[in-house]
Structure formats: C-alpha cells, structure tokens
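What follows is one structure encoded as structure tokens, with my remarks underneath.
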Amino acid sequence: FKANLPPSAVASFCQSVDQQPNRPALRAHAGNGIVHGQWCADLTKEQAAPMLTTWREIARKGQGGVIVSRCPSQWKATLDVWGPAPGDAWLMRQVKAQFDPKRIFNPGRFVDGI
C-alpha cells in the first residue's frame, strides 16, 4: 500500500499501523509524508480488507489517504484499491470526459470508477 499524509502525521500513522495484527513492513519518508507498506506473501484478501479500512480511517484523521498500489488481480474485483473518492473527483471526471469521451482507455480502473 501507499499512504500519503502530511509529514507531521507520518510517525503517528506508522505507530498505529505497526500495532495492528499482520503488520506490514513499512518504509516512511517523513520529509514528504509518503509511507509504503508491504505484507507478507500469505496475506489473504479477507485479512487485508479490514486492515485497509482501519488504516484509511487512521490516515483520514491525519488528513491523508491510503491506496493499494499492488495486489493480486483477482482482489481488485471486490477490494477497493483506491479508497473513498476525493472531493475533486468531479474534476477528474471532467478531464477524463474531455480526453476520453468514449471511455475506451482503462474504463473504471481509477478512483471512483473513473
């Protein structure tokens, strides 16, 4: 996963994630607020989904967000890899409509089904 946070929220986020079961290996960049995490190979989608929800809530409290940058393809059908749509999703939809009016380039593969 990848978390984007204000730099001041990185340490708190990492400490919270590190206390969860099935905790991932973390690599944090406190200067820019980016945290990368990687789970062990035997993690299941059923284990990942509730952890992801918890971590998104922790990140949201710190004015950040969490996305899943890599996972098995079959997980993507039911696991929300992008998380909640940001407030500017309407702008993303307009840009997509301008550049891809027929929706032929990667339809539905971005945040909020864009």
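Quick note: the sequence shown uses the working numbering, first residue 56, plus one each step.
Glycine included, every Cβ here is placed at the ideal spot set by N, Cα and C.
Q.
Nearest by alpha-carbon distance to D73: which of A96, P62, K100, T109 is it?
A. If you number the sequence shown from 1, residue 73 lands on position 18. Taking only the C-alpha atoms, the option nearest D73 is T109.
Q.
Taking its Cβ as the centre, do 16 or more other Cβ atoms sit within 10 Å of V182, making it buried, or is it exposed?
A. Residue 182 falls outside the range modelled here, since the chain spans only 56 to 169, and no answer is possible.
(Q) Given this structure, state the Cα-to-Cα distance separating P139 from M106, to the nearest angstrom. (A) To locate residue 139, count along the sequence shown from 1; it is residue 84. To locate residue 106, count along the sequence shown from 1; it is residue 51. In a straight line, the C-alpha of P139 is about 15 Å away from that of M106.
Q) Does the separation of the CB atoms of L60 and G142 fall below 8 Å? A) Taking the first residue of the sequence shown as position 1, residue 60 is located at position 5. Taking the first residue of the sequence shown as position 1, residue 142 is located at position 87. Contact: no.
**Q.** Cα-Cα separation, K151 to A132
**A.** In the sequence shown, counting from the first residue as 1, residue 151 sits at position 96. In the sequence shown, counting from the first residue as 1, residue 132 sits at position 77. In a straight line, the C-alpha of K151 is about 22 Å away from that of A132.
(Q) Can you look up K157 in the DSSP assignment and give me helix, strand or coil? (A) As a first step, residue 157 must be located in the sequence shown, where it is residue number 102. Coil, per DSSP.
Q: Quick one: using the 10 Å Cβ neighbour count with 16 as the cut-off for buried, is G88 buried or exposed?
A: Position 33 of the sequence shown, counted from the start, is the residue given in the question as residue 88. By the neighbour-count rule (16 or more Cβ atoms within 10 Å), G88 is buried.
Q. R111 by DSSP, collapsed to three states: which one?
A. The residue labelled residue 111 in the question sits at position 56 within the sequence shown. Three-state DSSP puts R111 in a helix.
Q: In angstroms with no decimal places, state the Cα-to-Cα distance between V65 and S124.
A: The residue given as residue 65 occupies position 10 in the sequence shown. The residue given as residue 124 occupies position 69 in the sequence shown. Roughly 18 Å separates the two Cα atoms.
Q) Can you tell me whether F56 is buried or exposed, with buried defined as 16 or more other CB within 10 angstroms of its CB? A) As a position in the sequence shown, residue 56 is number 1, starting the count at 1. By the neighbour-count rule (16 or more Cβ atoms within 10 Å), F56 is buried.
Q.
With DSSP as the reference, identify every bridge partner of L81, one or two as the case may be.
A. Counted from its first residue, the sequence shown places residue 81 at position 26. Looking at the DSSP assignment, L81 forms a beta bridge with G92.
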